[in-house]
Amino acid sequence: MTRQATSESVRVEGVTKRFVRRMGLLASTVAHLGGPNRDEVVTAVDNVTLSIPRGSAYGLVGESGCGKSTLGRLAAGLLAPSSGSVSFDGARIDAGATTLSARQLLRVQMVFQNPMASLNPRQRVVDIVSEAAVYHGLIDRKDRVEFAVGLLDEVGLPREALFRLPHQFSGGQRQRIGIARALSVSPDFLICDEPIAALDVSIQAQILNLLLDLRKKRGLTMLFISHDLGVVHYLCDTVGVMYLGRIVETAPTAELFRRPQHPYTQALLAQIPSRSTGRRDYQPIVGEMPSPLAPPKGCHFNPRCPSVMAICREEAPPETTTGTHRSRCWLSSEKERDLQSGEGRYQ
Amino acid sequence: MTSAPPPLEVSHLTTAFHLKAGTVRSVNDVSFTLHRGEMLGMVGESGSGKSVTGLSILRLIEPPGRIMGGSIRVKGQEITSLPEGAFRRLRGRVVSMIFQDPMTTLNPVLTIGRQFYDVMRAQERISRPDAMERAEEALRQVGIPSPRARLHAYPHQLSGGMRQRVCIAIALISDPEIVIADEPTTALDVTIQAQILSLVQNLARQRSMAMIWVTHDLSVVAGLCDRVAVMYAGRIVEMGRTDDVLNRPLHPYTLGLINSIPAEASPAERLKQIPGGPPSPLQLPTGCAFAPRCERATTACTAVPEEREIGTGHAVRCFHPVGASPL
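Listed in order, the protein sequences are those of chains A and B.
In short: position in the first sequence from 1, add 9, done, that's our numbering.
In short: position in the second sequence from 1, add 28, done, that's our numbering.
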């Protein structure tokens, strides 16, 4: 595979994360005596490769348990991958790397879903947003109030917020504080894990506008994790759809919404309720996401797929590329093969 | 036409919570009628009073909360003044409720079957085997695979979607005529949400149940409801047929909510956001509670706007409705 142009800045390369729950004492003794090994292994992220060009936003969508948050934490260096690597401008930033410079790590910051749980309830706003910058010597301790005022202004909070505690703010305001904290060390790469999921509709719009403005102003590269396709459609240049640890489809946003290739993406898109469609009958896809402890053989989506074929139950589909559109589905690879051999009647 | 009374008539309902810091009128002078077989959406943000309206109808308001005034008539019968014992015969059999979070609704230490049995015993005399048979059938109707085995399962052994199906089956076990669903799909994933919406839609049609669907999600309302009521700070600010309200909104707040939906906006263009946040329920602005956030507000808005009808069955509480000439 040819490496993409020089504009590429974030590169997630073959990243896998496995969580293992070891057997209890009794079971491991039995295993020693020749019994079965019953460590429980969850492959939360399964050999994921993706790249995000400088200054662009990548939207990672999927349902709960698909591994999108784990992937976010791997990219942020909060979790060490079981294998694979994450790099930013060529330098490793994943927690598995042996040589990490603080300078490099500060370029990557994260905004979390629940601003109440991710802010220290006993810290005043001025400390929350200036602590990291002071610690890393980016600013002088005596300048921190002025520094904090600047940040608060940037995220739309008044000066009066400085000496208050997180509980004195509404959900939307807390999320602004979380964003200010992430920006305090001037990152180039911002990872947002469901930053608006816990907020009311009118407040969601305010935070989305803020993120949009900040992205333009600071030229941020973004990984935006969400379960909401509508939000991703609005904010992101590229979308990756994740299902049970694997990215099943990636394409530029408009292309993905216009021509979804993977049956899972198609189902997700068909089920976004929309104001404009009017009253309708829901035709949901059947079943639920299988347990990640025992993922189905072959394509992970096969038990729920309306167009399942024999091969889907046997072998995981390879990635097929059509232009800027990549997907992992046997339907697309069959199409491609037929096209190549001239037998296909597909368009 | 000698019409039977509608399943539910709420008029001038006011429910308040008396707190140390003051009195909060969570539901303030709310009136609406729910017709037979109708699906009414009740939309609003947190604290708008939509859930408290639902809880008031089931008389599930506990101190320091209290229904302060107004009337709730179920099939013509006033229920606010009924003794609790008499209302208990209606709750579950005539009016029932589906809650948001199935994990906290179900008792974690009882089997699914036992929870069905308890609900049925509260309503009628029934033997355990009969109850189990009906429970099994109810589980089958909500699409739970191998229902017999599930009767012996505990809630934690089921997925979120399956738990919500169980809650729906329990709520509908006595064939109620009115069901209030309080954000039943909010905690669920997109594909599971679609399954539950489809299930409820079919069940409601088969049994011609009247439903109130409480939600913060306008797009769910668009797909599901015949009519919609939009709530803000305890009042219904706009009500009408779903198509009218969503495509020709009258209240500036409704318009603001619609403009806040990112899926409908052109990518990377700023959303037309509503400025500010909802007012503190302890210090509501005098007059129209939305006025401080409203770009159309004038001095007239320091009075509470009366509800007025603009177009058939489309009512609004606003002095300066969108798309209409000012008063």
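We put the CB at the ideal spot given by N, CA and C, even for glycine.
- Against chain B, the CB of A325(A) has no partner CB under 8 Å away; the residue lies outside that interface.
- The beta-carbon distance between V134(A) and I188(A), rounded to whole angstroms, is 12 Å. This is too long to meet the 8 Å contact definition.
- Between Y243(A) and A291(B), the CB-CB gap stays under 8 Å.
- For a Cβ distance threshold of 8 Å, residue set P290, A291 and P295 of chain B lies close to H242(A), ordered along the chain.
- Counted as a single uninterrupted DSSP element, the beta strand (DSSP E) harbouring G268(B) occupies residues R263 to R269.
- Taking a cut-off of 8 Å for Cβ pairs, the segment 268-279 of chain B and the segment 81-95 of chain B do not touch, as fewer than three such pairs fall below it.
- The residues N287, S288, P290 and A293, in chain order, have a CB closer than 7 Å to that of L299(B) in the same chain once the five nearest residues on each side in sequence are set aside.
- Residues of chain B with a Cβ closer than 8 Å to the Cβ of S78(A) do not exist; the shortest Cβ-Cβ separation is about 14 Å.
- According to DSSP, G146(A) shares a beta bridge with no other residue.
- Taking a Cβ-Cβ threshold of 8 Å, none of the residues of chain A is close to A238(B); the smallest such distance is about 16 Å.
- Short of 7 Å from the beta carbon of V147(B), and not among the five residues preceding or following it, lie these beta carbons of its own chain, in chain order: G120, I198 and I201.
- The criterion of a C-beta distance shorter than 8 Å is not satisfied by F115(B) and R142(B).
- Here the segment 64-84 of chain B lies against the segment 256-269 of chain B, with 3 or more beta-carbon pairs under 8 Å apart.
- DSSP places F60(B) within a strand segment (E or B) once states are collapsed to three.
- Every beta strand (DSSP E) stretch that sits fully inside the segment 198-257 of chain B and reaches 3 residues is listed by chain position as 206-210 and 238-243.
- Contact between the segment 168-177 of chain A and the segment 202-212 of chain A is absent: fewer than 3 CB-CB pairs across the two stretches fall below 8 Å.
- With a threshold of 16 other beta carbon atoms within 10 Å, R255(A) meets it and is buried.
- Identification of residues in the segment 198-231 of chain A having a C-beta nearer than 8 Å to some C-beta of chain B yields D209, V210, S211, I212, Q213, A214, Q215, L217, N218, L221 and D222, given in sequence order.
- When C-alpha distances from S139(A) are compared across R131(A), D152(A), S127(A) and P130(A), the shortest belongs to D152(A).
- A contact between stretches requires three or more CB pairs, one per stretch, nearer than 8 Å, and the segment 291-304 of chain A meets this requirement with the segment 212-227 of chain B.
- Within the segment 238-256 of chain B, contact with chain A at the beta-carbon level (separation under 9 Å) is assigned to H244, D245, L246, S247, V248, V249, A250, G251, L252, C253 and D254.
- Of all residues in the segment 259-281 of chain A, those with a C-beta nearer than 7 Å to a C-beta of chain B are T262, A276, L277, Q280 and I281, reading in chain order.
- Each residue's CA atom was taken as its position, placing A100(A) and I216(A) some 31 Å apart.
- For the beta strand (DSSP E) assignment, the uninterrupted runs of no fewer than 3 residues enclosed by the segment 307-336 of chain A are, from N- to C-terminal side, 329-331 and 334-336.
- If one requires a minimum length of 3 residues, the beta strand (DSSP E) runs lying completely within the segment 84-140 of chain A are 92-97 and 117-120, in chain order.
- Interface flag for Q301(B) against chain A is set, since a Cβ pair is found closer than 8 Å.
- Under DSSP, L69(A) shares a beta bridge with I234(A) and G249(A).
- Look at the beta carbons and you see the segment 247-262 of chain A touching the segment 323-336 of chain A: at least three pairs across the two are nearer than 8 Å.
- V71(B) carries a strand assignment under DSSP once its states are collapsed to helix, strand and coil.
- In this structure, the beta-carbon distance from V194(A) to L147(A) falls below 8 Å.
- Here Q182(A) is buried, its C-beta having at least 16 other C-beta atoms within 10 Å.
- Contact between R324(B) and H348(B) holds: their C-beta atoms lie close to 4 Å from each other, under 8 Å.
- Counting along the chain, E163(A) sits inside the alpha helix (DSSP H) bounded by residues R153 to E163.
- Neighbours of Q177(A) in chain B, taken as residues whose beta carbon is under 8 Å from its own, are absent, since the nearest beta carbon is some 12 Å off.
- Apart from sequence neighbours up to five positions away, the residues of its chain that approach A181(B) with a beta-carbon distance below 6 Å are I140, ordered along the chain.
- Per DSSP, the unbroken alpha helix (DSSP H) holding F266(A) starts and ends at T262 to R267.
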